[in-house]
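Novice: Protein chains in written order, with the working numbering: chain L, 1 to 450; chain A, 1 to 290.
Even glycine gets a Cβ: it sits at the ideal position worked out from N, Cα and C.
Since we're looking at a predicted model, the values are computed, not measured.
I have a structure here, written as structure tokens, and I will follow up with some questions on it.
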């Protein structure tokens, strides 16, 4: 018992000795931790998931390089996946809570589907360099909102409605660039005579059919389509029946090549155009970077042994395909936007990255790549363009982009599918224009409870 | 002692039982559960809607179209692949054909080629200015040229042709294995009794390969129900749904459009159809002593 029971003096002495010992151990440790360079310089990691990294998908990505130079305390970890894989991987990651801090979102159904997993960016944007003007300055930001929440910030703008053509081929064969259906047919007749495919269209891909249908609809009744497709106006009207029959006529008259319904726009139709085998293709402003010398050099390598990279790539608004067509309208919005995961543990760093991409210097880098930055004040850099004549394309687009006629992406997935199916069936001659308009109207009624 | 042995046996088979239980049966049960949910969001389903998805499926014309395509595709591919495989196996079982091993290798090759490679090759071969149309023009049969992958009247049959090209060798291998097991004495006896070549094939060999026929029919039809890579990679289910299969429709609903509840319902239908088809065919064959 005597050995166990300590008197007060002994107890105090023991406590003092213990305190000294503890201090002797902890003090150097604290100093080591506090002064350790690795501890203080450990950067915050922001996981960035996308299907389109702009340029360069690894450490050579110009956006990451510039950002990390300006923010050495933040490290960007990129995961770049092919779009279909990306959608699957993102869904799994978000549902398990192991997702990225910043992720890419497309306008349309994807924005609604991921709205619940994303942070509302409104307050962040208000505090940004653009302040309260961001809604005006960032084209199509409203297309990336859902249920009153700003799900993502737009990165760059892309619009459809352009006919891209091989200027070199037109010049060589003395063909006039088409402006209406008659001149379109005349151009094709000339190309046919010299055994060059005139206009290539990959109708296997529904997105390009939807784009073309919007072009036709906008020529008939500018802007009406975007209200009709949301049930705000009737779709089963003479306008859309006419649009469907015009679409069908492109196949029956041979303006669209044989076998188009089995040809994907990417890559088969696109390859044909890029190799110089086809004179024209229907695409959008996302083709702007292809006008640069850098892209021409890359294309010459990719499609070695062909005319790729050796011709001037130009665009005009889609020529009128109907009588009294109103041409020149472009439709689109953000090609993609960036959202912040609501479960991100590094929200401050994540926002810095989004801000850099969508508001800060990332916008200048985007303009330098030839794409129209989401901030309409940031111009496209044309210094690397192959020909000075191509600057006219950017000038022509600038006006149309500032006043886009509608949102290219159809907001409801079921309506989108119904229209895509109808276009395919009409093109194949399986469905009449009237039946197609009825089928799409039915889908609109179901989707919007009409 | 016997109880002891049973216990040890159970321990040995338990890894497989757990694996099959978790991976296969839990998966099926979860799909069935998912089919009764309103599940069109990326997060887990929460609302039960009973059999509403099944009612929707019963009124969905795409489902009937897909089932029709499966039937046509299954009937044609199974019939032609079995016939060609059987014919090739019989021809190469005797010693009338020289360099049999080279023939066998060539017949066997397509089955080991990845469907992705096959799909890309045939997309080129079957394009309007592709090699098939060029060949038809070259041999003076230009009138037979088609838009193989773009004409809705032809596309399903184009897929049938590709499938036959790839999978005939599978029938060939099974028939060849079965032929090697045949009792040679019966064949010799038939020959002595004066049976000609056609009679030996139709009356002696073919009936003795009933088991192989049945296996190929079951596998062929189940394969048709599960066909995915071919329509997905070659035609994408189009044009105008002319090559839509249940699998491509499930992919579209589940992956492209995030309709997990309805996609699960379609998967349940596929599962029920496969099981029903197999059970009915096996019962019939047992009753007929096949």
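Here's a check: name, in chain order, each residue in its chain whose Cβ is nearer than 8 Å to the Cβ of residue 390 of chain L, leaving out the five neighbours to either side.
Specialist: Result list for residue 390 of chain L: 291, 312, 313, 314 and 382, in chain order.
Novice: Starting from residue 60 of chain A, find everything on chain L with Cβ-Cβ shorter than 7 Å and list it in chain order.
Specialist: Within chain L, no residue comes near residue 60 of chain A; the closest Cβ sits about 12 Å away, beyond 7 Å.
Novice: Is it buried or exposed for residue 137 of chain A, if we count other Cβ within 10 angstroms and need 16 for buried?
Specialist: Under this definition residue 137 of chain A is an exposed residue.
Novice: Please list, in chain order, all residues of the same chain as residue 369 of chain L whose beta carbon is under 7 Å from its beta carbon, the five residues on each side excluded.
Specialist: Excluding residues within five positions, the ones whose Cβ falls inside 7 Å are 54, 55 and 289.
Novice: Just the Cα atoms here: how many angstroms apart are residue 372 of chain L and residue 379 of chain L?
Specialist: So the alpha carbons of these two residues sit roughly 7 Å apart.
Novice: What are the residues in the stretch 283-312 of chain L lying within 8 Å of chain A by C-beta distance?
Specialist: Those would be none; no residue qualifies.
Novice: List, in order along the chain, the chain L residues whose C-beta lies closer than 8 Å to that of residue 41 of chain A?
Specialist: 113 and 116, listed in chain order.
Novice: Alpha carbon to alpha carbon, how far is residue 226 of chain L from residue 260 of chain L? Give it in angstroms, no decimals.
Specialist: Rounded to whole angstroms, residue 260 of chain L to residue 226 of chain L spans 27 Å at the Cα level.
Novice: Identify, in the order they occur along the chain, each residue of the same chain with its Cβ nearer than 6 Å to the Cβ of residue 81 of chain A, setting aside the five sequence neighbours on each side.
Specialist: 164, 167, 168 and 171.
Novice: Residues of chain A with CB under 7 Å from residue 424 of chain L, in chain order?
Specialist: Simply 238, 239 and 240.
Novice: So what's residue 162 of chain A in DSSP terms, helix, strand or just coil?
Specialist: Residue state, collapsed to three classes: helix.
Novice: For residue 186 of chain L and residue 367 of chain L, what's the separation of their Cα atoms in angstroms?
Specialist: The straight-line gap from Cα to Cα measures roughly 36 Å.
Novice: Give a yes or no on whether the minimum CB-CB distance between residue 447 of chain L and chain A is below 8 Å.
Specialist: Not one chain A Cβ lies under 8 Å of residue 447 of chain L.
Novice: I want to see whether chain A comes within less than 8 Å of residue 209 of chain L, judged by CB atoms only; does it?
Specialist: It does not; no Cβ of chain A falls within 8 Å.
Novice: Determine, using beta carbons only, whether residue 421 of chain L comes closer than 8 Å to chain A.
Specialist: It does; some Cβ of chain A falls within 8 Å.
Novice: Leaving out five residues before and five after residue 143 of chain L in sequence, what residues of the same chain have Cβ atoms less than 7 Å from its Cβ?
Specialist: 107, 333, 334 and 407.
Novice: By how many angstroms is the C-alpha of residue 101 of chain L removed from the C-alpha of residue 89 of chain L?
Specialist: The straight-line gap from Cα to Cα measures roughly 14 Å.
Novice: Please classify residue 136 of chain L: is it buried, with 16 or more other beta-carbons within 10 angstroms of its beta-carbon, or exposed?
Specialist: Flag for residue 136 of chain L reads exposed.
Novice: From residue 46 of chain L to residue 76 of chain L, what distance separates their C-alpha atoms?
Specialist: One C-alpha to the other measures close to 5 Å.
Novice: Would residue 149 of chain A count as contacting chain L if we go by Cβ distances under 8 Å?
Specialist: Closer than 8 Å to some Cβ of chain L, the Cβ of residue 149 of chain A qualifies, so yes.
Novice: Beta carbons nearer than 9 Å to chain A: which residues of the stretch 248-264 of chain L have them?
Specialist: Residues 257, 258, 259, 260, 261, 262, 263 and 264.
Novice: Cα separation between residue 153 of chain L and residue 269 of chain L?
Specialist: If you take the alpha carbons of residue 153 of chain L and residue 269 of chain L, they lie about 32 Å apart.
Novice: With a threshold of 16 other CB atoms inside 10 Å of the CB of residue 457 of chain L, please say whether the residue is buried or exposed.
Specialist: The requested residue 457 of chain L is not part of the displayed model; chain L covers only 1 to 450.
Novice: Hey, is residue 47 of chain L's beta-carbon within less than 8 Å of any beta-carbon in chain A?
Specialist: Taking Cβ atoms only, chain A never reaches closer than 8 Å to residue 47 of chain L, which makes this a no.
Novice: Under a Cβ-count criterion, where at least 16 other Cβ atoms within 10 Å of its own Cβ denotes burial, should residue 198 of chain A be classed as buried or exposed?
Specialist: By the 10 Å Cβ count, residue 198 of chain A comes out exposed.
Novice: Taking 8 Å as the threshold (C-beta atoms), are residue 241 of chain L and residue 433 of chain L in contact?
Specialist: Yes.
Novice: I want to see whether chain A comes within less than 8 Å of residue 315 of chain L, judged by CB atoms only; does it?
Specialist: For residue 315 of chain L, the answer is no, since every Cβ of chain A falls outside 8 Å of its Cβ.
Novice: Quick one: list the residues of chain L neighbouring residue 258 of chain A, beta-carbon separation under 7 Å, in chain order.
Specialist: Per Cβ cutoff of 7 Å: 113.
Novice: In whole angstroms, give me the CA-to-CA distance for residue 253 of chain A and residue 54 of chain A.
Specialist: Computed Cα separation, rounded: 14 Å.
Novice: Are any of the Cβ atoms in chain A nearer than 8 Å to that of residue 88 of chain L?
Specialist: Chain A, which has a Cβ nearer than 8 Å to the Cβ of residue 88 of chain L, makes this yes.
Novice: Leaving out five residues on either side along the sequence, give the residues of the same chain with a beta carbon under 7 Å from the beta carbon of residue 230 of chain A.
Specialist: Once the five neighbours on either side are set aside, the close Cβ partners of residue 230 of chain A are 115, 119, 159, 162 and 163.
Novice: Should residue 299 of chain L go down as buried or exposed, given a rule of 16 or more other Cβ atoms within 10 Å for buried?
Specialist: So residue 299 of chain L ends up on the buried side.
Novice: What is the DSSP secondary structure of residue 339 of chain L, counted as helix, strand or coil?
Specialist: Strand at residue 339 of chain L.
Novice: Run through the stretch 81-160 of chain L for me and flag every whole beta strand (DSSP E) of 3 or more residues, listed as ranges in chain order.
Specialist: The qualifying runs are 102-105.
Novice: Is residue 82 of chain A helix, strand or coil by DSSP?
Specialist: In this structure, residue 82 of chain A counts as helix in the three-state DSSP scheme.
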